[in-house]
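Peer 1: Have a look at the structure that comes next, please.
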Amino acid sequence: MPALPVSRRGLLSAMATGLPATGLIAAASPANAAEAEAPPPEPPVAPPLATDHGDLPSFKYHFADSRKKETAGGWAREATVAEFPASKALAGVNMRLHAGAYRELHWHALAAEWAFMLSGHARTTVIDPDGNAETNEFGPGDVWYFPRGYGHSIQGLGPDGCEFMLVFDDGAFSEFGTFSVTDWLAHTPPEMLAKNLGVPAAAFAKIPDRELYIMPGTVPPPLPLEPPVGSLVSAPQTHRYPLLAQRPIEAPGGTVRIVSSKEFPVSTTMTGVLEDINPGAVRELHWHPHADEWQYYVSGQGRMTVFGSSARARTWDYRAGDVGYVPRGYGHYIENTGSDPLRVLVVLNSGVYGDISISDWLARNPARLVAEHFNLPLDVVARFPKRKVIIA
Ligand code: MN
Ligand code: MN
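Okay, so the sequence shown: first residue is 3 according to our numbering, each after it adds one.
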């Protein structure tokens, strides 16, 4: 039988059996020329809208085009600037952990980590530079935030582990930016570990010789309802925020939940917005003066037009599982084009939320000024909304 090059299937099954898994970028390295071809950029809608014009980079990416890095404990796939070139300031990772499995102890040198639990349950641990540590559990709709550089781990709980979306505030966070504890100790002399941790060097003879990344583990017992008296070393700011528990902002065409540093003080560099848009409704024309926007289409289907100045505007259609991106300051709207509710998870790289919306902007200018901009009769301008619509 002729020698075959290592196929992706072979690589994945090697990982599944616990053989080398050296990081997402390495795992995604093409094993042959055909796999070296990046997925084609998503074209704007065909036929384009009559108002579309000019060239903009693709602001749409299918998460399904990312190769899954699979291990016996679960899988992960990522959309960084390598896969989705427009997304320079933010990146996403979709991860599944089976019950008991760990995303091992690690930190991110370049980015903070913001997460939204899609399904199932997980437990995290996190430590800050002052030695404050926190353990939390997360269910569907819960958010976590780990500041850049904080050490953390994630474990899938029973009965069926969990799936979640991670968002990082640097599009290139992954390559050379994620530091795993097994990788570190594998590259530290056992004699040094012996000195540091106070046991003989021989005790480290069988520790992993490379990064595990995601590995199987044991479902832990439930946390005690109350910590034992005198045991608490709690973080001064919690890393958990139950976003779905928040009372939403009600708009004519749907609802919005916002979790910025105002609602969730530890989240100083990122804000999450959960937008539920009714069929036919539109998240109105707006822009964000001080943040880039990363989007994950959770359910339903929608259409976004991005306006990039200089007569450039392009429109893409999005379905569940798609990622969208809007650079800071670019105008945009999202229309629900389906017959079901559209849910979009929006993450911005600022802990302070801000947008300027077309309805509010026009309402706060004299009617004559607006009328003379658009050559409209004053009585038409008088019927415009008097305050921010949010979702029309
Ligand atoms: Mn992490
Ligand atoms: Mn927006």
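Every residue gets a Cβ at the ideal spot worked out from N, C-alpha and C, and that includes glycine.
At the level of alpha carbons, what is the spacing between Ser269 and Ser263?
Peer 2: Whole-angstrom Cα-Cα distance: 5 Å.
Peer 1: Going by CA-CA distance only, name the one from Phe148, Ala188, Gln157, Thr190 that's closest to His110.
Peer 2: The shortest Cα separation from His110 among Phe148, Ala188, Gln157, Thr190 belongs to Phe148.
Peer 1: My guess is that Asp57 and Arg389 are in contact by the Cβ rule of under 8 Å, so how many angstroms apart are they, rounded?
Peer 2: Not a contact, Cβ separation roughly 36 Å.
Peer 1: Got a sec? Which residues, its chain only, sit under 7 Å from Ala18 by beta carbon, not counting five neighbours each side?
Peer 2: Reliability fails at Ala18, whose pLDDT of 39 lies under 50, so the model's placement of it is uncertain and the value that follows must be treated cautiously. Within the same chain, Ala18 has close Cβ partners Glu72, Thr73, Ala74.
Peer 1: Taking DSSP's pairing of strands, which residues face His154 in a bridge?
Peer 2: His154 is bridged to His108, Val128.
Peer 1: Could you check which residue in Gly302, Asn96, Gly256, Leu276 has the C-alpha nearest to that of Leu246?
Peer 2: The option with the nearest alpha carbon to Leu246 is Leu276.
Peer 1: If distances are taken between C-alpha atoms only, which option among Gly256, Ile358, Pro222 comes closest to Asn138?
Peer 2: Among Gly256, Ile358, Pro222, the Cα nearest to that of Asn138 is on Pro222.
Peer 1: Using only CA atoms, which one of Gly163, Pro379, Trp363, Tyr320 lies nearest to Leu344?
Peer 2: That would be Tyr320, whose Cα lies nearest to the Cα of Leu344.
Peer 1: Within 10 Å of its beta-carbon, does Ala30 have 16 or more other beta-carbons around it, so buried, or fewer, so exposed?
Peer 2: Any reading at Ala30 must be qualified, since the residue scores a pLDDT of 42, below 50, and its modelled position is unreliable; the value itself is stated next. That one is buried.
Peer 1: In whole angstroms, give me the CA-to-CA distance for Pro43 and Val354.
Peer 2: Whole-angstrom Cα-Cα distance: 32 Å.
Peer 1: Would you say Leu214 and Ser176 are within 9 Å of each other, going by their C-beta atoms?
Peer 2: No, Cβ-Cβ distance for Leu214 and Ser176 is not below 9 Å.
Peer 1: Going along the chain, which unbroken runs of the beta strand (DSSP E) with 3 or more residues stay wholly within the segment 163-229?
Peer 2: For the segment 163-229, whole beta strand (DSSP E) runs of length 3 or above, ordered along the chain, are 164-170, 180-182.
Peer 1: Any heavy atom of ligand 1 closer than 8 Å to the Cβ of Ile216?
Peer 2: Ile216 Cβ: outside cutoff for every heavy atom of ligand 1.
Peer 1: Does the contact criterion of 3 or more C-beta pairs under 8 Å hold for the segment 325-332 versus the segment 281-296?
Peer 2: Touching, yes.
Peer 1: What do you get for Asp381, buried or exposed, if any count of 16 or more other CB atoms within 10 angstroms of its CB means buried?
Peer 2: Exposed, by the Cβ-count rule.
Peer 1: Threshold first: 3 residues or longer. Then list the beta strand (DSSP E) segments lying entirely within the segment 344-387, N to C.
Peer 2: 344-350, all fully within the segment 344-387.
Peer 1: CB Pro218 to CB His100, shorter than 9 Å?
Peer 2: Against a cut-off of 9 Å, the Cβ pair of His100 and Pro218 comes out as a contact.
Peer 1: If I'm right that Ser155 touches Leu107 with Cβ under 8 Å, what's the distance once you round it to whole angstroms?
Peer 2: Going by Cβ atoms, the distance from Ser155 to Leu107 rounds to 5 Å, so yes, they are a contact pair.
Peer 1: Who are the near neighbours of Gly143 in its chain, counting only those whose CB is closer than 6 Å to its CB and skipping five residues on each side?
Peer 2: Closer than 6 Å at the Cβ level, and outside the excluded window around Gly143, lie Leu245, Leu246.
Peer 1: By how many angstroms is the C-alpha of Ile251 removed from the C-alpha of Tyr104?
Peer 2: One C-alpha to the other measures close to 36 Å.
Peer 1: Check Phe61 in the structure and name its three-state DSSP category.
Peer 2: Residue state, collapsed to three classes: coil.
Peer 1: Answer yes if the segment 161-178 comes into contact with the segment 89-100, meaning at least three C-beta pairs across the two stretches below 8 Å, and no otherwise.
Peer 2: Contact holds: three or more Cβ-Cβ distances are below 8 Å.
Peer 1: Since Thr257 and Asn351 are thought to touch, with beta carbons under 8 Å apart, how far apart are those beta carbons, to the nearest angstrom?
Peer 2: Contact flag wrong, Cβ pair sits at about 23 Å.
Peer 1: Do Arg424 and ligand 1 come close, with the Cβ less than 8 Å from some heavy atom?
Peer 2: Outside the displayed span of the chain (3 to 394) sits residue 424, for which this structure offers no information.
Peer 1: Is any heavy atom of ligand 1 found at a distance shorter than 8 Å from the C-beta of Leu168?
Peer 2: Under cutoff, so the answer is yes.
Peer 1: Who are the Cβ neighbours of Gly20 in its own chain at under 7 Å, not counting the five residues just before and after it?
Peer 2: With a pLDDT of only 38 at Gly20, under 50, the local geometry of the prediction cannot be trusted, and the value read off the model is given with reservation. Counting only Cβ-Cβ distances below 7 Å, and skipping sequence neighbours, we find Ala74.
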